[in-house]
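Q:
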Amino acid sequence: MRFPFIWRKTAEANEQVWKDEAGRRLRRAERAERERDTERFGRQRLNGMYVALFDEYEQAFGPLAEAPAGEPPVAGFDPERARRAADRIAALRDGCERAQAELAAEKRRADGLQKQLDDALGLNTAAVAAGETWQDRREKRMQFDKPVTAEGAAS
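Heads up, the sequence shown is in my numbering, so the first residue is 34 and it goes up one at a time.
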């Protein structure tokens, strides 16, 4: 057989390799879509909570902001309800600040542990850093391809 022809076994093996790669990329894309949907749901939920609290705050304090100084508050104003809403908003802000502080502390702890693990495994060397992009530089070869000699014949 000459150049334009390939063995059926090689063609089928190449086809299987490409199908496996397509399946891997499909699974990766589906996982990314699931993560995106999860993050979107979380953002929508937090936004809904914030809007509800803000609306309650506006109902409580909006009439006060519109009333001129010295005039009594609007008839429907409930100072106790306004205080509870303000307390809830303050508690929400404090909770967010605590969660952000805990997240930052956990990230610092995880980064420290990762650095210790890398040091223990010898992954902080110049050789490892230089080889981290080897896949970008790698020449693509199929699993069953035979190396080609200078004459063009398969060995």
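For each residue, glycine too, the CB sits at the ideal point set by N, CA and C.
Do three or more CB pairs link the region 119 to 126 to the region 148 to 165 at distances below 8 Å?
A: Judged by Cβ distances under 8 Å, the region 119 to 126 makes no contact with the region 148 to 165, as fewer than three pairs qualify.
Q: Grouping DSSP H, G and I as helix and E and B as strand, with all else coil, what is Thr56?
A: As a working mapping, residue 56 is identified with position 23 in the sequence shown. First, the amino acid is wrong: residue 56 is Gly here, not Thr. Helix.
Q: Starting from Leu150 and walking both ways along the alpha helix (DSSP H), at which residues does that stretch end?
A: If you number the sequence shown from 1, residue 150 lands on position 117. Start and end: Pro112 to Leu154.
Q: Anyone know if the C-beta pair for Tyr90 and Ala118 falls short of 8 Å?
A: The sequence position of residue 90 within the sequence shown is 57, counting from 1. The sequence position of residue 118 within the sequence shown is 85, counting from 1. Cβ distance < 8 Å, so Tyr90 and Ala118 count as in contact.
Q: Looking at the structure shown, is Phe94 part of a helix, part of a strand, or coil, going by DSSP?
A: Translated into positions along the sequence shown, residue 94 becomes position 61. In this structure, Phe94 counts as helix in the three-state DSSP scheme.
Q: Since Ala93 contacts Arg114 with CB under 8 Å, what's their CB separation in whole angstroms?
A: Taking the first residue of the sequence shown as position 1, residue 93 is located at position 60. Taking the first residue of the sequence shown as position 1, residue 114 is located at position 81. Yes, Ala93 and Arg114 are in contact; Cβ-Cβ is about 6 Å, under 8 Å.
Q: My output table needs one value for Phe74: the three-state DSSP class, helix, strand or coil.
A: On the sequence shown, residue 74 is found 41 positions in, with the first residue counted as 1. Three-state DSSP puts Phe74 in a helix.
Q: According to DSSP, is Asn47 helix, strand or coil?
A: Within the sequence shown, the letter at position 14 stands for residue 47. Here Asn47 sits in helix by DSSP.
Q: What separation, rounded to the nearest whole angstrom, lies between the Cα atoms of Trp40 and Ala55?
A: Counting from one through the sequence shown, the residue named residue 40 turns up at place 7. Counting from one through the sequence shown, the residue named residue 55 turns up at place 22. Using only the alpha carbons, I get a separation of about 23 Å.
Q: What's the C-alpha gap between Pro112 and Glu139?
A: Translated into positions along the sequence shown, residue 112 becomes position 79. Translated into positions along the sequence shown, residue 139 becomes position 106. Going by the C-alpha atoms only, they are around 40 Å apart.
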